[in-house]
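Data block below; observations after.
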Amino acid sequence: MVLHQFQNLRIAQAFSDYLSQLQISNSIEHDSFHYHVVLNDLTQVERAQAELALFLENPNQEKYLSASWETGNTDTPRSELAYANSHLVRNFIDHAGWLTLSVFLFCVVIYALNTLGMFQPMQSGLAFFTYQPFDYSESWRFITPAFLHFSALHIVFNLLWWWQLAGVVEKQQGKQRLLLLFLFSAIASNLAQYFLVGPYFGGLSGVVYGLVGYCWLFGMLNKNSIVNLPNSYFAFLLGWLALGFIDVLPMNVANYAHLVGLLAGLLLAFVVSKLKL
């Protein structure tokens, strides 16, 4: 049972530690935007809710900070910035599974090799097919353009959204679901961009928009799911998609890859929700 959700990890941890000190079993889970304090012992619901009400009135009381020390969390910092810095790497890894991190690191390595003078070999090995008919002995080319990025802004934007959304999907629904979503949205978006524009494109954006569509609609159809995307974020990313089509962004954008990736994610979310997969 989710007792409460917090936007600040330090505050969530303080409350969780205090409950543990009171022998109220709990844990912390997180989605893309919140930290959830989950009550493990449902016989303690009334007591936990009463403690929550007191905590929310004044979360900075000394007894809550003391609880973190007494439960063994002696690394609780005096400042939120120190806390964030000391836990950055751990939180980065804990948020995502091995598939999310593998794609993230592979994109970084490919981009680094591009900038170190290996652009042509990377393009030759990973870019989409240049001519038809397709050479199916090189079927990886239906997917690998997703790993190619051409600017720092391009890769940073894509990888931040990938880590945030893919991490939640993998942690909550498993690597098989994330792999299916990755492959489906990558192939669909790459084919659309190729047939509607041409073979010269790259980036994880189609997959990212697949995640955007999937997380948003899955959350809408499954109200209590940790896999979700707030409407405000969804609207922002739709706006970004629209800006690409009216050609006002200061970069070349694979608009049809974005659009078809989004549709692929929406379709997959609808299917798995209706079939209860």
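Read in numbering that gives the first Met the number 0, the sequence shown has 153 at position 154, and its numbers run on one by one without any break. Each residue gets a CB set at the ideal place from its N, CA and C atoms; glycine is no exception.
query: Closest residue to Val167 among Thr42, Leu178, Phe133, Gly96 (Cα-Cα distance); result: Gly96
query: C-alpha gap between Ile245 and Ser24, whole angstroms; result: 53 Å
query: Three or more C-beta pairs below 8 Å linking the segment 203-220 and the segment 252-261; result: yes
query: Given Tyr284 as reference, the closest of Asn7, Tyr130, Pro58, Val88 once Cα atoms are compared; result: Nothing can be reported for residue 284, as the shown portion of the chain is limited to 0 through 276.
query: Straight-line Cα distance separating Val37 from His3; result: 7 Å
query: Coarse secondary structure for Ser101, derived from DSSP in three states; result: helix
query: Rounded C-alpha distance that separates Ala151 from Trp139; result: 25 Å
query: Inter-residue Cα distance where the pair is Glu56 and Asn157; result: 39 Å
query: CB-CB length for Gly212 against Gly264, believed under 8 Å; result: 3 Å
query: At least 3 beta-carbon pairs within less than 8 Å: the segment 114-132 vs the segment 170-185; result: no
query: Buried or exposed by the 16-neighbour rule on C-beta atoms within 10 Å, applied to Pro132; result: exposed
query: Alpha carbon of Asn7 to alpha carbon of Tyr34, nearest angstrom; result: 7 Å
query: Straight-line Cα distance separating Glu28 from Leu274; result: 26 Å
query: Under 7 Å between C-beta atoms of Phe127 and Tyr63; result: no
query: Helix, strand or coil at Leu228 [DSSP, three-state]; result: coil
query: CA nearest to the CA of Asn227, picked from Tyr110, Val196, Glu169; result: Glu169
query: Nonlocal neighbours in the same chain, by C-beta distance under 6 Å from Trp160, ignoring five residues either side; result: Val207
query: Check whether Leu236 and Ala145 have beta carbons under 7 Å apart; result: no
query: Contact under 7 Å by Cβ, His148 with Tyr199; result: no
query: Residue range of the beta strand (DSSP E) that includes Leu21; result: First-last for Leu21: undefined, no H or E at that position.
query: Opening and closing residue of the beta strand (DSSP E) in which His33 lies; result: Premise fails: His33 is in no beta strand (DSSP E) and is neither H nor E.
query: Reduced DSSP secondary structure (H/G/I, E/B, other) of Phe5; result: strand
query: Alpha helix (DSSP H) segments (min. 4 residues) lying fully within the segment 171-252; result: 174-195, 204-220, 230-244
query: Residue(s) in a DSSP beta bridge with Glu28; result: His35
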